[in-house]
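Report on the following structure.
In the UniProt record's numbering, the protein residues as written are 1 to 289.
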């Protein structure tokens, strides 16, 4: 193999270092500002800081002591966990049915799934369906309309089709039912694609903003996405009635940055546990041999 020219390697290093800095520096500035005390914020003219000048956790203590942010974290975690489990179960069941060569009614349903990839139902029909099922202002409005993603079904179906057919023939000879085959044979062999699809669903549920904006009308049911929009994007002032802290609140900027960090960290913590499955799951599910 030809060795790259030193100038080429140096150029690659500079480009990669710049790309990493573009990602890391803003994120670090958000963390530093959330930990900054009053004097550091004042010294920076009330703006973002790069060095907090100490570790002050008052902003995190205030927003997590109860109130709108704490409630939104609990709601978002619950919706993400419940929604991801339900979506994985529905997607795996549908993909397994569509992957069986002689499954009754599978071909028309597969055409519908492919049609869902090409044609979106649109905003108004989706809203009317949610309204007709009396799901407005319900947490189920954030789960049921997006329970199954057609693209994920196709990826998982392709993965199931790659499993050795001898496994299914042996199970059929032993008289094992389809449900037992799925639970005892197929799913244990599909950890990689389940981890990747589960991550896709979890990120989508955690970041769900537009559906929450459309369907959730009560502020006490807001998930983190709407809290972010209200207190960080729109910069609405966080008052004592939005938190349960009995002490004086820190400056608004550290409070807003603390909310932003709280919204990012949970998803970042999930990635290390799924990273070893990520590349394998995506490639196996996407490439048909």
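We put the beta carbon where it would ideally sit given N, CA and C, even for glycine.
By the Cβ-count criterion, residue 91 is buried, with 16 or more other Cβ atoms from all chains shown falling within 10 Å of its own Cβ.
For residue 229, there is no enclosing alpha helix (DSSP H), as DSSP gives it neither H nor E. DSSP places residue 243 within a strand segment (E or B) once states are collapsed to three. With a threshold of 16 other beta carbon atoms within 10 Å, residue 50 falls short and is exposed.
Contact between residue 194 and residue 183 does not hold, since the beta-carbon distance rounds to 12 Å and is not under 8 Å.
A direct Cα-Cα distance of roughly 27 Å separates residue 153 from residue 175.
DSSP places residue 24 in the uninterrupted alpha helix (DSSP H) bounded by 6-35.
Apart from sequence neighbours up to five positions away, the residues of its chain that approach residue 96 with a beta-carbon distance below 7 Å are 160, 182, 186, ordered along the chain.
In terms of CA proximity to residue 78, 142 leads the group 142, 93, 229. The beta carbon of residue 113 lies closer than 8 Å to those of 94, 98, 150, 153, 154 in the same chain, with the five residues before and after it left out.
Comparing alpha carbon positions, the residue from 253, 74, 129, 220 closest to residue 48 is 253.
Exposure of residue 14 is indicated by the presence of fewer than 16 other C-beta atoms within 10 angstroms of its C-beta. Between residue 267 and residue 227, the gap from beta carbon to beta carbon reaches 8 Å or more. Scanning the region 110-190 from its first residue to its last, the whole alpha helix (DSSP H) runs of 4-plus residues come out as 123-132, 150-161, 165-173, 178-181. The C-alpha of residue 36 is placed about 4 Å away from the C-alpha of residue 52.
Take residue 106, set aside five residues on each side of it, and the residues of its chain with a beta-carbon closer than 7 Å to its own are 97, 98, 100, in chain order. Its chain contains 261 as the residues whose beta carbon lies nearer than 7 Å to that of residue 31, once the 5 sequence neighbours on both sides are disregarded; these appear in chain order.
Around the C-beta of residue 58, 16 or more other C-beta atoms lie within 10 Å, and the residue is accordingly described as buried.
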